[in-house]
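J.: Take 0 as the starting number for the sequence shown in numbering that gives the first Met the number 0 and just add one per residue. Positions of the beta carbon are idealized from the N, C-alpha and C atoms, including for glycine. Pasting a structure here, questions to come.
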Amino acid sequence: MTDANRRTVLVTGANSGLGKALALAFARDGMRVGMLVRDQARGQTARDEILAATGNRDIHLFVADLGSQQEIRRAAAEILDRFERIDVLINNAGTAYASRRTSPEGIERSLAVNHLGAFLLTGLLLERIKVSAPARILNVGTRMNTAMDFEDLDWTRRRYRMMQAYGQSKLGNLHFTFELARRLAGTGVTVNCVFPGVFRSNLGGTDGAQGIFWKAVDLLLGWAIPTPGQAAERVLHAARSSDLDGITGQYLGDRRPLKPPAQALDRDANQRLWTISERLVGLAPDSVPPSA
Ligand SMILES: NC(=O)c1ccc[n+]([C@@H]2O[C@H](COP(=O)([O-])OP(=O)(O)OC[C@H]3O[C@@H](n4cnc5c(N)ncnc54)[C@H](OP(=O)(O)O)[C@@H]3O)[C@@H](O)[C@H]2O)c1
Numbered sequence: 000m001t002d003a004n005r006r007t008v009l010v011t012g013a014n015s016g017l018g019k020a021l022a023l024a025f026a027r028d029g030m031r032v033g034m035l036v037r038d039q040a041r042g043q044t045a046r047d048e049i050l051a052a053t054g055n056r057d058i059h060l061f062v063a064d065l066g067s068q069q070e071i072r073r074a075a076a077e078i079l080d081r082f083e084r085i086d087v088l089i090n091n092a093g094t095a096y097a098s099r100r101t102s103p104e105g106i107e108r109s110l111a112v113n114h115l116g117a118f119l120l121t122g123l124l125l126e127r128i129k130v131s132a133p134a135r136i137l138n139v140g141t142r143m144n145t146a147m148d149f150e151d152l153d154w155t156r157r158r159y160r161m162m163q164a165y166g167q168s169k170l171g172n173l174h175f176t177f178e179l180a181r182r183l184a185g186t187g188v189t190v191n192c193v194f195p196g197v198f199r200s201n202l203g204g205t206d207g208a209q210g211i212f213w214k215a216v217d218l219l220l221g222w223a224i225p226t227p228g229q230a231a232e233r234v235l236h237a238a239r240s241s242d243l244d245g246i247t248g249q250y251l252g253d254r255r256p257l258k259p260p261a262q263a264l265d266r267d268a269n270q271r272l273w274t275i276s277e278r279l280v281g282l283a284p285d286s287v288p289p290s291a
């Protein structure tokens with residue numbers, strides 16, 4: 000197999016936690032691995048560790064803050080330049096913010112990173128993913144979804160609350176999954192959301208969201224909580240298993256579909272968030288034409 004034909008996976012947030020465990024597993028599989036990280040030094044350290052553990056040299060680092068649309072566009076151009084195919088895209092990066100912060104585009108950052116970052120990156124890479132079909136897009140979701148307030152997605156009218164902002168942005172991953180799956184029907188590209196379970200994590204730590212309470216919980220109970228490597232098994236199954244060939248528009252748990260929150264099953268809500276997201280990231284309306 001020539002290098003250009005090697006099966007290729009792109010994992011976001013690949014320098015730590017679940018993303019790093021996934022990048023390691025795919026490198027062991029002998030795939031070409033793209034690691035999208037926001038910090039060059041942290042990414043390089045993770046890449047070196049994975050290379051040393053697997054001997055796979057076909058591991059590529061891309062740097063972008065997924066809260067910056069300019070950085071996403073630059074990284075996507077680099078990815079398209081380097082990868083002739085993308086068989087699997089895993090939108091894994093996620094974070095939480097203790098107080099309301101805004102992206103360079105002036106958008107509340109949980110929404111900007113957790114939902115719009117994945118939305119824009121996927122949109123920019125979609126044609127390359129389509130020509131690689133059969134291909135899979137996996138969005139890493141949570142069970143901590145809260146309501147989507149379409150009147151105040153941006154937390155300008157409500158009092159900002161960290162977990163609600165996180166939960167709303169992660170509900171966006173489900174709306175996005177279901178709408179994109181519908182739009183890609185018949186293309187050979189499947190789109191699913193995977194809940195990896197609860198596992199040991201630095202979630203939000205880099206952004207200062209892990210207070211002393213969570214650090215204490217981790218210290219006292221950390222041993223009882225699954226590791227990112229254990230959590231990765233669910234996502235790896237969703238990425239690799241032939242049982243899931245052609246399966247799309249699902250919310251996947253431990254090798255079985257989960258019941259999504261009712262709001263995420265509302266087709267009007269899915270379309271509404273899609274249209275708003277296209278406008279917020281500057282993609283043309285119906286950038287992926289709706290299927291019947
Ligand atoms: N941990 C859980 O129990 C749990 C449960 C359900 C779902 N999840 C989901 O699992 C995914 C991975 O989380 P994790 O627990 O593995 O946490 P983690 O160890 O903190 O990993 C999150 C990754 O996302 C990256 N990231 C954060 N903000 C970013 C930004 N603005 N631009 C680019 N990358 C950014 C982080 O980079 P830095 O290292 O630079 O911060 C890190 O690599 C998330 O989507 C989370 O919502 C986690």
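1. Can you tell which of 89, 165, 204 and 84 has the C-alpha that lies nearest to the C-alpha of residue 128?
2. So, are the CB atoms of residue 250 and residue 261 less than 9 Å apart?
3. Pairing CB atoms from the region 217-236 with CB atoms from the region 13-24, are three or more of them under 8 Å?
4. Specify, as a first and last residue, the run of the alpha helix (DSSP H) that residue 122 falls within.
5. On the criterion of 16 or more Cβ atoms from any shown chain inside 10 Å, does residue 168 qualify as buried, or is it exposed?
6. With H, G and I counted as helix, E and B as strand and the rest as coil, what does DSSP make of residue 165?
7. Reducing DSSP to helix, strand and coil, say where residue 77 ends up.
8. Taking just the CA atoms, how far does residue 90 sit from residue 192?
9. Less than 9 Å between the beta carbons of residue 252 and residue 196, yes or no?
10. Could you pull out every unbroken beta strand (DSSP E) segment of at least 3 residues lying fully inside the region 159-205, listed in chain order?
11. Quick one: does the C-beta of residue 143 sit closer than 8 Å to a heavy atom of ligand 1?
12. Three-state secondary structure (DSSP) at residue 256?
13. What do you reckon, is the C-beta of residue 286 under 8 Å from a heavy atom of ligand 1?
14. Enumerate in chain order the residues of its own chain whose CB-to-CB distance from residue 26 is below 7 Å, with the five nearest sequence positions on each side excluded.
15. Under the three-state reduction of DSSP, which class applies to residue 251: helix, strand or coil?
16. Spell out the partners DSSP gives residue 33 in its beta bridges.
17. Please confirm whether residue 182 and residue 290 have their CB atoms less than 9 Å apart.
18. Counting C-beta neighbours from all protein chains within 10 Å, is the total for residue 274 16 or more, i.e. buried, or is it exposed?
19. Work out the CA separation of residue 29 and residue 115 for me, nearest whole Å.
20. Give the secondary structure of residue 83 by DSSP, where H, G and I count as helix, E and B as strand, and everything else as coil.
T.: On the basis of the data shown:
1. Within the sequence shown, numbered from 1, the residue matching residue 128 stands at position 129. When only C-alpha atoms are compared, the closest one is 84.
2. Reading the sequence shown from its first residue, position 251 is the one you call residue 250. Reading the sequence shown from its first residue, position 262 is the one you call residue 261. Cβ atoms of residue 250 and residue 261: not closer than 9 Å.
3. yes
4. To locate residue 122, count along the sequence shown from 1; it is residue 123. 117-130 is the extent of the alpha helix (DSSP H) around residue 122.
5. Indexing the sequence shown from 1 puts residue 168 at position 169. Buried: at least 16 other Cβ atoms inside 10 Å.
6. On the sequence shown, position 166 is the one that residue 165 refers to. Helix at residue 165.
7. Here residue 77 refers to the residue found at position 78 of the sequence shown. Helix.
8. Here residue 192 corresponds to residue number 193 of the sequence shown, with the count starting at 1. Here residue 90 corresponds to residue number 91 of the sequence shown, with the count starting at 1. Straight through space, the alpha carbons of residue 90 and residue 192 are spaced by roughly 9 Å.
9. Here the question's residue 252 lines up with position 253 in the sequence shown. Here the question's residue 196 lines up with position 197 in the sequence shown. Contact flag set, yes.
10. 188-193
11. Your numbering for residue 143 matches position 144 in the sequence shown. Yes.
12. On the sequence shown, position 257 is the one that residue 256 refers to. If DSSP states are grouped into helix, strand and coil, residue 256 belongs with the strands.
13. Here the question's residue 286 lines up with position 287 in the sequence shown. Not under cutoff, so the answer is no.
14. Walking along the sequence shown from the start, residue 26 turns up at place 27. Excluding sequence neighbours, residue 26 sits near 32, 49, 53, 55 and 58.
15. On the sequence shown, position 252 is the one that residue 251 refers to. The answer is strand: DSSP assigns residue 251 an E or B state.
16. One-based indexing of the sequence shown puts residue 33 at position 34. Note: residue 33 sits in a beta bridge opposite 9 and 59.
17. As a working note, residue 182 is residue 183 in the sequence shown. As a working note, residue 290 is residue 291 in the sequence shown. Their beta carbons are under 9 Å apart, which means residue 182 touches residue 290 by this criterion.
18. Start at 1 with the first residue of the sequence shown, and residue 274 comes out as number 275. Answer is exposed; the Cβ neighbour count stays below 16.
19. Counting from one through the sequence shown, the residue named residue 115 turns up at place 116. Counting from one through the sequence shown, the residue named residue 29 turns up at place 30. Cα to Cα, the separation comes out at about 31 Å.
20. For the purposes of this step, residue 83 is taken as residue 84 along the sequence shown, with counting starting at 1. If DSSP states are grouped into helix, strand and coil, residue 83 belongs with coil.
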